[in-house]
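Beneath this line is the structure, given in structure tokens, with notes to follow.
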Amino acid sequence: MSTKDFLEKDYYKVLGVPKDATEAEIKKAYRKLARENHPDANKNDAKAEERFKEISEANDVLADPKRRKEYDDARALFANGGFRPGPGGAGGGSFNFDLGDLFGGAQGGGGGTGGFGGGLGDVFGGLFNRGGTRTQPRRGQDIESEVSLNFTEAVDGATVPLRMSSSAACKACSGTGDKNGTPRVCPTCVGTGQVSHGSGGGFSMTDPCPDCKGRGLIPENPCDVCHGSGRAKSSRTMQVRIPAGVSDGQRIRLRGKGAPGERGGPNGDLYVVVHVGAHPVFGRKDDNLTVTVPVTFPEAVLGGEIKVPTLGGPPVTLKLPPGTPNGRTMRARGKGAVRKDGTRGDLLVTVEVTVPKDLGDKAREALQTYREATADQDPRAELFQAAKGA
Numbered sequence: 012m013s014t015k016d017f018l019e020k021d022y023y024k025v026l027g028v029p030k031d032a033t034e035a036e037i038k039k040a041y042r043k044l045a046r047e048n049h050p051d052a053n054k055n056d057a058k059a060e061e062r063f064k065e066i067s068e069a070n071d072v073l074a075d076p077k078r079r080k081e082y083d084d085a086r087a088l089f090a091n092g093g094f095r096p097g098p099g100g101a102g103g104g105s106f107n108f109d110l111g112d113l114f115g116g117a118q119g120g121g122g123g124t125g126g127f128g129g130g131l132g133d134v135f136g137g138l139f140n141r142g143g144t145r146t147q148p149r150r151g152q153d154i155e156s157e158v159s160l161n162f163t164e165a166v167d168g169a170t171v172p173l174r175m176s177s178s179a180a181c182k183a184c185s186g187t188g189d190k191n192g193t194p195r196v197c198p199t200c201v202g203t204g205q206v207s208h209g210s211g212g213g214f215s216m217t218d219p220c221p222d223c224k225g226r227g228l229i230p231e232n233p234c235d236v237c238h239g240s241g242r243a244k245s246s247r248t249m250q251v252r253i254p255a256g257v258s259d260g261q262r263i264r265l266r267g268k269g270a271p272g273e274r275g276g277p278n279g280d281l282y283v284v285v286h287v288g289a290h291p292v293f294g295r296k297d298d299n300l301t302v303t304v305p306v307t308f309p310e311a312v313l314g315g316e317i318k319v320p321t322l323g324g325p326p327v328t329l330k331l332p333p334g335t336p337n338g339r340t341m342r343a344r345g346k347g348a349v350r351k352d353g354t355r356g357d358l359l360v361t362v363e364v365t366v367p368k369d370l371g372d373k374a375r376e377a378l379q380t381y382r383e384a385t386a387d388q389d390p391r392a393e394l395f396q397a398a399k400g401a
């Protein structure tokens, strides 16, 4: 706050009390206005939040007898034949001056001003060097949860109910931490929720205020439910949309779905860790699905068409070339998992030649005939030749 702003602000008018108001009248007026304009009771209302800051600022000065006297004396000095901020000066003069220069000089050499002894700096030091914005909004905490999906849900996406427990504004005290809903501004951090301390070398460190735990407010009559913290455990069930194509162990971030913020601050985020169950037929490789399809020996040798199942859709027909070896992989395009751009990966089909355990007499005779016809073909000849030449 600048010196000019301070001198022009009428804290009595802000609280709606006369200048000779008693401490009890000031306290009563502050409680009423603070309850009406508290950010937790006026979600997303910027005017109410600004009004609450003004009320807290006025109470911070007027509720303290010493600071109230300094405030009254300072305003009286500039109101009665003295200096005024901006153009003009004492006695209706027409000269200009800079308040920053005025107070800087007062804090410097030995010159005093009127009855203020150490200079104007002594009058305003406690009022202008407190810095910071009072009752700053606080972002809600992030929440992490887990969800289990079956294989098909992970590929196609799913909306699942998710029950979460988090910290939210206490309903009993409307998030103020005070039974009457009228906490006072923390005198340690002056409502900023933070304190600074030197760390050597001209640097300073900022930490959460130890007295108000970073809230900027201290309850005079702590709430029985939240014990003055202003926060209480809250459980809720949300319908969460898990996007198509998620993989096992993936961590999804949902912005603004975490714990509610304080004093108009934004909500935290929700992080969901996804666990995907196995499928009895299909597997997953990046954006592609995989499947192993058994074929007979004649199909592998002579070729032909085979039908292959797809996940959640009709089967596809693939052409098996003659002489297809065991373990060969073919591709059914567009039958895989959903990608981020909405397109689908492929279905990778691996051929597995099956060996029958039981043969009928006719099949055995035919196979014997085939063996005799191919007796001159040794599939292991090249293997032995390579081993010998190595």
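Read in order, the letters of the sequence shown are residues 12 to 401 in the numbering used here.
For every residue, glycine included, the Cβ atom is placed at its ideal position computed from N, Cα and C.
By DSSP, does Asp167 sit in helix, in strand, or in coil?
-> One-based indexing of the sequence shown puts residue 167 at position 156. Three-state DSSP puts Asp167 in a helix.
C-beta atoms of Phe162 and Val287 nearer than 8 Å = The residue you call residue 162 lines up with position 151 of the sequence shown. The residue you call residue 287 lines up with position 276 of the sequence shown. Going by C-beta atoms, Phe162 is nearer than 8 Å to Val287.
How do the region 393-400 and the region 326-342 stand: do at least 3 beta-carbon pairs fall below 8 Å, yes or no?
-> no
Is the CB-CB distance between Gly276 and Pro194 below 8 Å?
-> By 1-based counting over the sequence shown, the position of residue 276 is 265. By 1-based counting over the sequence shown, the position of residue 194 is 183. Annotated as distal: Gly276 and Pro194, with beta-carbon spacing of 8 Å or more.
Which of helix, strand or coil does DSSP assign to Lys330?
-> Working through the sequence shown from its first residue, we reach residue 330 at position 319. In the structure shown, Lys330 sits in a strand (DSSP, three-state: E or B).
Measuring CA to CA, which of Glu65, Lys296, Cys181 and Phe293 is closest to Leu26?
-> Mapped onto the sequence shown, residue 26 falls at position 15. Among Glu65, Lys296, Cys181 and Phe293, the Cα nearest to that of Leu26 is on Glu65.
In its own chain, which residues sit with a C-beta less than 8 Å from the C-beta of Ser258, not counting the 5 before and 5 after it?
-> Position 247 of the sequence shown, counted from the start, is the residue given in the question as residue 258. Residues of the same chain with a CB within less than 8 Å of the CB of Ser258, apart from the 5 flanking positions on each side, are Ala165, Val285, Val287 and Arg295 in chain order.
Locate the beta strand (DSSP E) running through Arg262, then write down its first and last residues.
-> Counting from one through the sequence shown, the residue named residue 262 turns up at place 251. Arg262 -> beta strand (DSSP E) spans Arg262 to Leu265.
To the nearest angstrom, report how far apart Thr361 and Val304 are at their CA atoms.
-> Along the sequence shown, read from residue 1 onward, the residue named residue 361 stands at position 350. Along the sequence shown, read from residue 1 onward, the residue named residue 304 stands at position 293. So the alpha carbons of these two residues sit roughly 6 Å apart.
Does DSSP put Gln250 in a helix, in a strand, or in coil?
-> To locate residue 250, count along the sequence shown from 1; it is residue 239. If DSSP states are grouped into helix, strand and coil, Gln250 belongs with the strands.
Specify the secondary structure class of Pro219 as computed by DSSP and reduced to three states.
-> Numbered from 1 along the sequence shown, position 208 holds the residue referred to as residue 219. Note: Pro219 maps to strand in three-state DSSP.
To the nearest angstrom, how far is it from the Cα of Gly168 to the Cα of Leu160?
-> The residue you call residue 168 lines up with position 157 of the sequence shown. The residue you call residue 160 lines up with position 149 of the sequence shown. Our two residues, Gly168 and Leu160, have alpha carbons roughly 9 Å apart in a direct line.
Beta-carbon spacing of Asp71, Gly202 below 8 Å | Numbered from its first residue, the sequence shown carries residue 71 at position 60. Numbered from its first residue, the sequence shown carries residue 202 at position 191. Yes. Within cutoff.
What is the DSSP secondary structure of Phe94, reduced to helix, strand or coil?
-> On the sequence shown, position 83 is the one that residue 94 refers to. Low local confidence applies: a pLDDT of 44 at Phe94 is under 50, so the model's placement there is unreliable, and no value is given.
Please list the segments of the beta strand (DSSP E) lying wholly inside the region 273-324, counting only runs of 3 or more residues, in order along the chain.
-> 281-287, 294-296, 299-306 and 315-321
Output the boundary residues of the alpha helix (DSSP H) element that contains Arg342.
-> Counting from one through the sequence shown, the residue named residue 342 turns up at place 331. Segment Thr340 to Ala343 is the beta strand (DSSP E) holding Arg342; no alpha helix (DSSP H) there.
Among Ser246, Met249 and Arg355, nearest to Asn299 - alpha-carbon criterion = Working through the sequence shown from its first residue, we reach residue 299 at position 288. Here the closest residue by C-alpha is Arg355.
Contact set for Val158: own chain, Cβ-Cβ below 8 Å, skip 5 residues either direction | Within the sequence shown, residue 158 is the residue found at index 147, counting from 1. Excluding residues within five positions, the ones whose Cβ falls inside 8 Å are Val171, Leu173, Val251, Ile253, Val283, Val284, Val285 and His286.
Can the beta-carbon of Pro50 be found less than 8 Å from the beta-carbon of Gly151?
-> Taking the sequence shown and counting its residues from 1, the one referred to as residue 50 is at position 39. Taking the sequence shown and counting its residues from 1, the one referred to as residue 151 is at position 140. Not closer than 8 Å, so no.
If you run the structure through DSSP and keep just helix, strand and coil, what is Pro50?
-> Start at 1 with the first residue of the sequence shown, and residue 50 comes out as number 39. Looking at Pro50 - three-state DSSP - the assignment turns out to be helix.
May I have the straight-line CA-CA distance separating Lys399 from Thr307, to the nearest angstrom?
-> In the sequence shown, residue 399 corresponds to position 388, counting from 1. In the sequence shown, residue 307 corresponds to position 296, counting from 1. Distance between the alpha carbons of Lys399 and Thr307: 34 Å.
How many whole angstroms separate the CB atoms of Leu329 and Glu310, which I take to be in contact at a CB cut-off of 8 Å?
-> In the sequence shown, the residue the question calls residue 329 occupies position 318. In the sequence shown, the residue the question calls residue 310 occupies position 299. With 8 Å as the limit, Leu329 and Glu310 do not qualify as a contact, their Cβ atoms being about 11 Å apart.
Going by C-alpha distance, which of Val319, Leu73, Ala255 and Ala87 is nearest Ala35?
-> Against the sequence shown, residue 35 aligns to sequence position 24. Nearest to Ala35 by alpha-carbon distance, out of Val319, Leu73, Ala255 and Ala87, is Leu73.
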